[in-house]
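Since the structure comes first, as structure tokens, the remarks are kept for the end.
In full-length UniProt numbering, the protein residues as written are 1 to 321.
Take a look at the structure:
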């Protein structure tokens, strides 16, 4: 293998498309980041991904050996299709790998974004050396990656790990998937933003109401909630504490079923987890008798936004043998 040979790792999330060249060592270069425009339709998103892949190859001045593509949603790994995705309305069994990855004549591998992030963290990040762990990605939605014996566990449906759609508040807020009370509906960046906007409109949080006057209701987001928590605003702190409790409940459910006690927290909203961690840990320990203080490990991801790219690239390298 030549030292300059590379694969492309691409991570399609609800907010951004991130693409980069990845060497066999895991080193990234020629990065490209663009808005995903999740509501602009499938063809527009495919066009954006193809354009970003081409841009990476132009920067490298050579074609990739393979392409690993990570996407939010339920993935049929064997068929390289997205079965459905709450983040991308209207997607049903879309051949994303074929449509977006056929820029070059090379293998294309499609995987769920949280699974890819989990693999990336196990290869080069916070889970390096761990055999069994769960990755939770806190972003526009909440993804989950299940790693058992250092391999992605997909289940018979090939879409295991949708932890964001565990019901934690029966009858609660409507989720994008159509269910009510999903973890994603309250603890994701979009869920936190919805809760914060409701507080700002009701006037129950003076600080958020003041921010609404300055920014407009659309300017109230999860990042602002975290900023309010830093300023010790009681309402913002409670929002994050409640979200943490919901995350802990989901962790407990997974721990009871799979016997896993190690969790990695990543995604764009992960920095706010510092305010959620105590409540998450408390809830997980209270709800899962199999967990004990020494056994339960909850760590922040070490690769940041690169985890999905690196994991997708690892799958591409593995396909090449």
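By construction, the Cβ of each residue, glycine as well, lies at the ideal position given by its N, Cα and C atoms.
Less than 8 Å separating the beta-carbons of residue 68 and residue 112? What you label residue 68 is simply residue 68 of the chain shown in a count that begins at 1. What you label residue 112 is simply residue 112 of the chain shown in a count that begins at 1. No.
With C-beta atoms as the reference, is residue 145 less than 8 Å away from residue 162? On the chain shown, position 145 is the one that residue 145 refers to. On the chain shown, position 162 is the one that residue 162 refers to. No, Cβ-Cβ distance for residue 145 and residue 162 is not below 8 Å.
Would you call the region 92 to 104 and the region 45 to 64 touching, i.e. three or more CB-CB distances under 8 Å? yes
If you draw a straight line from the C-alpha of residue 322 to the C-alpha of residue 24, how long is it? No information on residue 322 is available, as it lies outside the stretch 1 to 321 that the chain covers here.
How should residue 251 be labelled, buried or exposed, when 16 other C-beta atoms within 10 angstroms of its C-beta is the threshold for buried? The residue given as residue 251 occupies position 251 in the chain shown. Buried, by the Cβ-count rule.
Classify residue 94: buried if its beta carbon has 16 or more other beta carbons within 10 angstroms, exposed otherwise. Position 94 of the chain shown holds residue 94. The residue is buried, with at least 16 neighbouring Cβ atoms inside 10 Å.
I need the straight-line Cα distance from residue 129 to residue 177, nearest angstrom please. Indexing the chain shown from 1 puts residue 129 at position 129. Indexing the chain shown from 1 puts residue 177 at position 177. Their Cα atoms are separated by approximately 34 Å.
Using 8 Å as the Cβ pair cut-off and three pairs as the minimum, do the region 228 to 242 and the region 262 to 275 touch? yes
Residue 213 to residue 138 span [Cα, whole Å]: Here residue 213 corresponds to residue number 213 of the chain shown, with the count starting at 1. Here residue 138 corresponds to residue number 138 of the chain shown, with the count starting at 1. For residue 213 and residue 138, the distance between alpha carbons rounds to 28 Å.
Threshold first: 4 residues or longer. Then list the alpha helix (DSSP H) segments lying entirely within the region 227 to 274, N to C. 234 to 258
Check whether the region 56 to 63 touches the region 110 to 127, taking contact to mean three or more Cβ pairs, one atom from each stretch, closer than 8 Å. no
Spatial neighbours of residue 324 within its chain, please: CB distance less than 7 Å, with the 5 preceding and 5 following residues excluded, ordered by chain position. This structure cannot speak to residue 324, because the chain is shown only from 1 to 321.
What is the rounded straight-line gap between the Cα of residue 78 and the Cα of residue 26? Here the question's residue 78 lines up with position 78 in the chain shown. Here the question's residue 26 lines up with position 26 in the chain shown. Distance between the alpha carbons of residue 78 and residue 26: 25 Å.
Identity of the residues DSSP links to residue 134 by a beta bridge: Start at 1 with the first residue of the chain shown, and residue 134 comes out as number 134. Paired residue(s): 146, 263.
Within its chain, find whatever has a CB closer than 6 Å to the CB of residue 107; leave out the 5 residues flanking it on each side and keep chain order. Residue numbering aside, residue 107 sits at position 107 when the chain shown is read from its first letter. Excluding residues within five positions, the ones whose Cβ falls inside 6 Å are 66, 319.
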